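Just so you know, the protein sequences line up as chains A and B, in that order. To convert a position in the first sequence, counted from 1, into the numbering used here, add 432. To convert a position in the second sequence, counted from 1, into the numbering used here, add 432. Note that the Cβ used here is the ideal one computed from N, Cα and C, for glycine as well. Given the structure is predicted, the values throughout are model-derived calculations rather than measurements. Quick notes on the structure that follows.
2 protein chains.
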Amino acid sequence: MTARKSAGKRKADGPGLRRFDIRDVALRAKVSIATVSRTINGVATVDRELAARVWKAVKHLNYYPDTQARGLVSGRSRLFGLLISEITNPFFPELIQGFEEIAVRHGYDVLISSTSHDPARMEVCIRRLLERKVEGVAVMTFGIEAPLLDELAQRSIPMVFVDTTTDNPLSSTLVVDYRSGITQAVKHLLALGHRAIGFVSGPLRQRSAFLRKEAFVEASRQFGLETSLAWMVEGDHTLEGGMRAAEHLLTLGACPSAILCSNDMTAIGALRTMAKHNVRVPEEFSIVGFDNIHLAEFVHPALTTIQMSRKDLARAAFEALQSTVEPQQHAKPGERQRETSIPTSLVVRQSTGPAPHRENAKPAKRPYTDTTDTPARRPRGVRNRVGARG
Amino acid sequence: MTARKSAGKRKADGPGLRRFDIRDVALRAKVSIATVSRTINGVATVDRELAARVWKAVKHLNYYPDTQARGLVSGRSRLFGLLISEITNPFFPELIQGFEEIAVRHGYDVLISSTSHDPARMEVCIRRLLERKVEGVAVMTFGIEAPLLDELAQRSIPMVFVDTTTDNPLSSTLVVDYRSGITQAVKHLLALGHRAIGFVSGPLRQRSAFLRKEAFVEASRQFGLETSLAWMVEGDHTLEGGMRAAEHLLTLGACPSAILCSNDMTAIGALRTMAKHNVRVPEEFSIVGFDNIHLAEFVHPALTTIQMSRKDLARAAFEALQSTVEPQQHAKPGERQRETSIPTSLVVRQSTGPAPHRENAKPAKRPYTDTTDTPARRPRGVRNRVGARG
DNA sequence: AAGCAGCACGGAAACGTTTTCTCCATGCAG
DNA sequence: CTGCATGGAGAAAACGTTTCCGTGCTGCTT
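Written out as structure tokens, the structure is:
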């Protein structure tokens, strides 16, 4: 048995407990450090009795391995990077939580990096991920993914994207099925009698925004809807953008009786504008959002929106990375799934209702008057009643 | 000069670029690896010309050091843990962002761990932090901090808490100055003519909730306010709790004309209840929140609330940890600040207005009637007008 | 009965750094 | 001119693990 090389040379213990290392365990269990390592890593060939001794020593010393040393020799950091735009964007927290939870359950830790849409910051983020030797990166950021990602690709680091395909054999794609949710929404509005439906898109250079718009156009065509180009407004996925877009729509001669928005913040902005001009939602105007962020439930009226499960997205992202990093765990290594489909579906709340009686009735952009006969607040739970006006 | 020990034994390069290590740099710069290390770490004694050669080689090879190897020998992980309750709690994202940003700027990475109020999960979280050898932990979780933290304390890991002091010399405390913000709020309501002010607290076993209540009681006493015990309701910092609390207050014979809530979600719940019973806010009833979460701005009417800057909190937390970990950077090592005060201040929006004319006028809990003369929605920008009723 | 295969364990190398220690050169003073 | 101090650079140890390899034992086969 090898005695501790330099027991006396240890760093001063300081006030706290000394942290035990693998040699302490080996010493106590009267085995070699190799056996301790094998036991801890669940190698099957270890003798049962020895393993028992090791575990006992581990428990007694409250030993846990040093991740840094582990990673250094094994080459595995058990770390995934999660690249997002901004934590404060209400879209992300759930995504982060889902990703972190499943990662931790599988023994990984997560390094979150928010790019803040800033290329310089993005470079820093990627550098950090590289230095920490992440084993994979989930790129959940919206912005255009600069050639910075090449750095990762060249280092053979697996990646997973949303809506963006690459020819990199190590990267996977999550394909969001925008069409099903958006088709449901259009159908829903159609059933409520709407014939003129507008769309407020996101910034169209963002691929996911573009795809949402495409899905809407397709659904409209499918149902033979009149889609005036004038009713397709490009927004920017912000509340203010939604306000502006709605404002613009109200100035039109022929205005749709309902709009679908590319994300919830846009829809909430539209809601705001309608309230400002005393256009009652949903009696006079229906609004549908996209994403089903938390906030959607809390605005007034509660937002009908299209749900894209962040939990699903997170799980799919993790699994894509894991299946790349640990191919042996999965059935046929060669046939790793490179694409995963993420479903979307409509969540009906209070911001959609029957179309006003007169077809294409144009909601008046009335001046505000502070009398008591301004529109009533819509009672909770009462839905789809025809507005008194029209 | 030492030749590469085993250039041939390198791992197969695979499809990607080989990652260069410190030896490659040394070889190229024709210096020893020690000099490379010193250069990179900014040791002043390195000859200028050699340093220049090293930097050139570093740039050319796109070299960056391996954090794991670095940490293994130096004992420093350059990693801070951030322990929070739940990412999805709207209070946290800004805090996380602030903490991460300042940490990255100082060369640290952040390991975020959400406990989800679950002791078992908390144990896992702490274990993770220990295994990764974090150099410090910011404990921003609300829940009772179990003796699990002893594990960290015993390992001499610096910590920083909010509102909770310990005798651990390595831990610091952020003392939130609830009193100033809450006093401002009470003053504000007083100026608006309110004489009967209620308080919906959080769960009182949480220290920060308790302190908020205490601050309110003290402010009330200071201004000679009548504080009926009946107007002090214990909530649970959730929207539903806020709804229940408000519901309860409305059943009272003598009901306050304004309430201060221990957090914004509670206030939003109260807002909800008021809307449900057609009690107009702020004409008939004023509501003040606490925290100034993002959402506060988006509800209707926009919430008057007490701001506690998450950015400040994050910065203070980081600086507390940093000054413990790197004492040499700061003037007098022995005099490290163990407590930092975090200011709070009132943000006036639309949910507070003048008290109803009749003193102690009790808002009627009217049945809902769907007529057009139900209360008008409050126009944006028009504030503090006396309600028509009373 | 002897030889061989298999296997479980221990010894030791290796991972990529930082850091200590040693050595040499240079400069200044005696 | 010599000796010593100073300082900068290289050699090597150390960090705590995993993993490779060798060895000795066990059990089976011929």
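{"Query": "Output, in chain order, the set of chain B residues within a Cβ distance shorter than 8 Å of Lys565/A.", "Result": "Asp498, Thr499, Gln500"}
{"Query": "What does the Cβ neighbour count give for Val475/A, buried or exposed, with the cut at 16 atoms within 10 Å?", "Result": "exposed"}
{"Query": "When we look at the beta-carbon of Ser509/B and count the other beta-carbons within 10 Å, is it buried (16 or more) or exposed?", "Result": "buried"}
{"Query": "Nearest CA to the CA of Pro382/B: which residue from Leu745/B, Thr520/B, Pro786/B, Ala752/B?", "Result": "With chain B covering 433 to 822 only, the question about residue 382/B has no answer from this structure."}
{"Query": "Is there a C-beta anywhere in chain B that falls below 9 Å from the one on Ser509/A?", "Result": "yes"}
{"Query": "Determine the chain A residues that contact Gln529/B at a beta-carbon separation under 9 Å, and present them in chain order.", "Result": "Glu518, Ile519, Thr520, Ser546, Ser548"}
{"Query": "Please classify Gln739/A as buried or exposed, where buried requires at least 16 other C-beta atoms within 10 Å of its C-beta.", "Result": "buried"}
{"Query": "Apart from the five residues just before and just after Lys491/A, which ones in its own chain have a Cβ nearer than 6 Å to its Cβ?", "Result": "none"}
{"Query": "Select from Ala749/A, Ser777/A, Ser718/A the residue whose C-alpha is nearest the C-alpha of Pro786/A.", "Result": "Ser718/A"}
{"Query": "Tell me which same chain residues have a C-beta within less than 6 Å of the C-beta of Arg553/A, skipping the five on either side of it?", "Result": "Thr547"}
{"Query": "Restricting to Cα atoms, I'd like to know which of Arg676/A, Asn695/A, His726/A is closest to Met706/A.", "Result": "Arg676/A"}
{"Query": "Please classify Ser689/A: is it buried, with 16 or more other beta-carbons within 10 angstroms of its beta-carbon, or exposed?", "Result": "buried"}
{"Query": "Looking at the C-beta of Arg451/A, does it have a partner C-beta in chain B at a distance below 9 Å?", "Result": "yes"}
{"Query": "Since Val618/B is in the alpha helix (DSSP H), which residue starts that stretch and which ends it?", "Result": "610–623"}
{"Query": "Could you tell me whether the Cβ atoms of Cys663/B and Leu682/B are closer together than 9 Å?", "Result": "Note on identity: in this sequence residue 663/B is Trp, with Cys being the wrong assignment. No; because the gap between Cβ atoms is not below 9 Å, this pair is not in contact."}
{"Query": "Would you kindly work out how many angstroms separate the C-alpha atoms of Arg798/A and Arg712/A, rounded to a whole number?", "Result": "Because the pLDDT of Arg798/A is 48, which lies under 50, any placement of that residue in the model is unreliable, and the question is left without a value."}
{"Query": "Between which two residues does the alpha helix (DSSP H) containing Glu771/A stretch?", "Result": "Not the alpha helix (DSSP H): Glu771/A falls in the beta strand (DSSP E), residues 771–774."}
{"Query": "Taking C-beta to C-beta, are His620/A and Val720/A nearer than 9 Å?", "Result": "yes"}
{"Query": "In terms of alpha-carbon separation, which member of Asn710/A, Gly667/A, Lys708/A lies closest to Ile691/A?", "Result": "Gly667/A"}
{"Query": "Does any CB atom of chain B fall closer than 9 Å to the CB of Asp744/A?", "Result": "no"}
{"Query": "What residue range does the alpha helix (DSSP H) around Ala461/B cover?", "Result": "454–461"}
{"Query": "With contact counted as at least three CB pairs below 8 Å, one residue from each stretch, are the stretch 594–605 of chain B and the stretch 619–634 of chain B in contact?", "Result": "no"}
{"Query": "I'd like to know whether the C-beta atoms of Val542/A and Leu511/A end up nearer to each other than 9 Å.", "Result": "yes"}
{"Query": "Can you list the alpha helix (DSSP H) stretches of 4 or more residues lying completely in the stretch 657–742 of chain B, in chain order?", "Result": "671–683, 696–708"}
{"Query": "Does DSSP put Arg812/A in a helix, a strand or coil?", "Result": "Note that Arg812/A scores a pLDDT of 39, beneath 50, so its modelled location is shaky; the value from the coordinates is reported in the next line. Coil."}
{"Query": "Three-state secondary structure (DSSP) at Pro807/A?", "Result": "Bear in mind that a pLDDT of 39 at Pro807/A, under 50, signals an unreliable position, so the model cannot answer this."}
{"Query": "Just checking Gly503/B against the ligand FAD - is the residue's beta carbon closer than 8 Å to any of the ligand's heavy atoms?", "Result": "The ligand FAD is absent from the structure shown, which contains no ligands of any kind."}
{"Query": "So, is Pro714/A buried or exposed, given that buried needs 16 or more other C-beta atoms within 10 angstroms?", "Result": "buried"}
{"Query": "Could you round the C-beta distance between Pro525/A and Ile534/A to whole angstroms and report it? I think they count as a contact, below 8 Å.", "Result": "Not quite, the Cβ-Cβ distance comes to about 15 Å (not below 8 Å), so this is no contact."}
{"Query": "Could you compute how far the alpha carbon of Gly685/B sits from the alpha carbon of Val571/B?", "Result": "43 Å"}
{"Query": "Beta carbons nearer than 8 Å to chain A: which residues of the stretch 684–708 of chain B have them?", "Result": "Ile700, Ala707, Lys708"}
{"Query": "Which residues in chain A have a C-beta closer than 7 Å to the C-beta of Pro525/B? List them in chain order.", "Result": "Ile519, Thr520, Pro525"}
{"Query": "Looking at the secondary structure, which residues open and close the beta strand (DSSP E) in which Ala570/B lies?", "Result": "568–571"}
{"Query": "Expressed to the nearest angstrom, what Euclidean distance is found between the alpha-carbon atoms of Arg485/A and Glu758/A?", "Result": "30 Å"}
{"Query": "The alpha helix (DSSP H) spanning Val592/A covers which residue range?", "Result": "Run containing Val592/A: none in the alpha helix (DSSP H); it sits in the beta strand (DSSP E), 591–594."}
{"Query": "If we count the other Cβ atoms within 10 Å of its Cβ and call it buried at 16 or more, is Ala796/A buried or exposed?", "Result": "Model confidence at Ala796/A stands at a pLDDT of 49, short of 50, so the residue's coordinates are unreliable; what they give is reported in the following sentence. Ala796/A should be labelled exposed."}
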